[in-house]
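First comes the structure, then the notes that go with it.
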Amino acid sequence: MTEKKSAAMMELVTLMENLRDPQHGCAWDRKQTFKSLTRHTLEEVYEVVDAVEQGEAAKVCDELGDLLFQVVFYARIAEEQSLFDLGDVANAIKSKLLHRHPHIFPDGTLASFGEPSPLTAEQVEHNWELIKNAEREAMQRSGTASVVDDVPRALPAIERAGKLQKRAASVGFDWPDVSGVTAKLAEESAELQAAIASGDQSQQTHELGDLLFTCVNLARHLKIDPEGALRQASQRFETRFRHVEKSAANHGTVLSDCDPEQLDLWWNEAKSQNN
999 MTEKKSAAMM
1009 ELVTLMENLR
1019 DPQHGCAWDR
1029 KQTFKSLTRH
1039 TLEEVYEVVD
1049 AVEQGEAAKV
1059 CDELGDLLFQ
1069 VVFYARIAEE
1079 QSLFDLGDVA
1089 NAIKSKLLHR
1099 HPHIFPDGTL
1109 ASFGEPSPLT
1119 AEQVEHNWEL
1129 IKNAEREAMQ
1139 RSGTASVVDD
1149 VPRALPAIER
1159 AGKLQKRAAS
1169 VGFDWPDVSG
1179 VTAKLAEESA
1189 ELQAAIASGD
1199 QSQQTHELGD
1209 LLFTCVNLAR
1219 HLKIDPEGAL
1229 RQASQRFETR
1239 FRHVEKSAAN
1249 HGTVLSDCDP
1259 EQLDLWWNEA
1269 KSQNN
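Numbers in the working numbering are just positions in the sequence shown, counted from 1, shifted up by 998.
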């Protein structure tokens, strides 16, 4: 790490210590806990993703700073309780990455870096999964853990569904190919239709959840990011809806006063312009 990077990190750590100072710190920062920070952390992660998708480097830098501050914040709270500190956090991820990159660090130390790796990106990802699977299977054999134990419950639902499916697949619990998933999708769709016909909202919720879960599984088999696909669909909807709103305004009216045929016409115009 360069002197500039090191100094910047130390100043950030000091700033955090000052904010949490019992006498002269910030009242809001002092009262925060692990639990109270979680919603802010999720918000910061989403803002990083949004900045990346907008493609603005300055915005990405700014949002990454906010996310880094969250890490420093958690570490400071932990240090005050003698649980761990920022150094422990850095060492934990360092050790994990060294262990999972034997093709880069042959003897598991930074000092062993330097030999060129003959592996492709796909082979590296495959080896990474093999190493993680071996770690999980070792826990499974002990009878004290499941391969899905460390899939966070606080993850967004789509992300968590995908991770659960991927973990199950890593130990052989999976459809052999995409045809099994598409058949399951048709089955779940039919079950949802039956639930809708029954008028039982509890059953509708159950079947809709199964259908969504299967959609995520289909995305995994197709190697498509379901979250990204849904964000793109949402963006398309927003763009088209704005066109419909603007068209109504240009005709001196509002959507609630327009008949369905006119709304469909404007919607199809938007689709033809924006795919």
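Note that CB positions come from ideal geometry on N, CA and C, so glycine has one too.
On a predicted model such as this, the values are computed, not experimentally measured, just so you know.
Annotation: P1258 to V1050 spans about 37 angstroms, alpha carbon to alpha carbon. Under the Cβ criterion (8 angstroms, minimum of three pairs), the segment 1021-1033 counts as touching the segment 1071-1087.
Separation of I1129 and V1122 (C-alpha to C-alpha, rounded to the nearest whole angstrom) is 11 angstroms. The beta carbon of R1234 is closer than 7 angstroms to those of N1272 in its chain, skipping five residues each way along the sequence.
Secondary structure within the segment 1207-1254: the alpha helix (DSSP H) runs of 4 or more consecutive residues, fully enclosed, are 1224-1248 (chain order). If the five residues before and after V1179 are omitted, its C-beta is found closer than 6 angstroms to the C-beta atoms of W1173, N1215, L1216, H1219, all from its own chain and listed in chain order. The residue among V1146, C1213, R1151 with its C-alpha nearest the C-alpha of V1176 is C1213. Contact between the segment 1002-1012 and the segment 1058-1074 is present: 3 or more CB-CB pairs across the two stretches fall below 8 angstroms. Leaving aside the five residues that flank V1252 on each side, the residues in its chain whose CB is nearer than 7 angstroms to its CB run, in chain order, A1246. For W1264, the enclosing alpha helix (DSSP H) covers residues 1258-1272. Rounded to the nearest whole angstrom, the C-alpha separation of L1153 and A1195 is 32 angstroms.
The beta-carbon separation of L1162 and E1186, rounded to 16 angstroms, does not stay under the 8 angstroms limit for a contact. The beta carbon of L1084 is closer than 7 angstroms to those of V1011, V1070, A1073 in its chain, skipping five residues each way along the sequence. If you check the CB distance, R1165 and V1149 come in under 8 angstroms. Straight-line measurement puts the Cα of V1087 at about 27 angstroms from the Cα of E1113. When the beta-carbon positions are compared, E1127 and S1168 come within less than 8 angstroms of each other. Assignment of alpha helix (DSSP H) within the segment 1082-1112, counting only whole runs of 4 or more residues, yields 1084-1098 in chain order. Pairing A1268 with L1062, the inter-Cα distance amounts to about 35 angstroms.
The criterion of a C-beta distance shorter than 8 angstroms is satisfied by P1224 and G1160.
Annotation: L1065 to V1058 spans about 10 angstroms, alpha carbon to alpha carbon. R1018: not part of any alpha helix (DSSP H); DSSP gives it neither H nor E. D1019 and L1040 have their C-alpha atoms roughly 25 angstroms apart. V1070 sits in a helix when the DSSP states are folded into three classes. When the Cα atoms are used, R1240 and A1193 turn out to be separated by approximately 34 angstroms. With distances taken between CA atoms, G1170 lies nearest to V1145 out of A1184, A1025, V1145, A1155. In the structure shown, T1012 adopts helical secondary structure according to DSSP, grouped into three states.
Under the three-state reduction of DSSP output, R1037 falls in the helix class.
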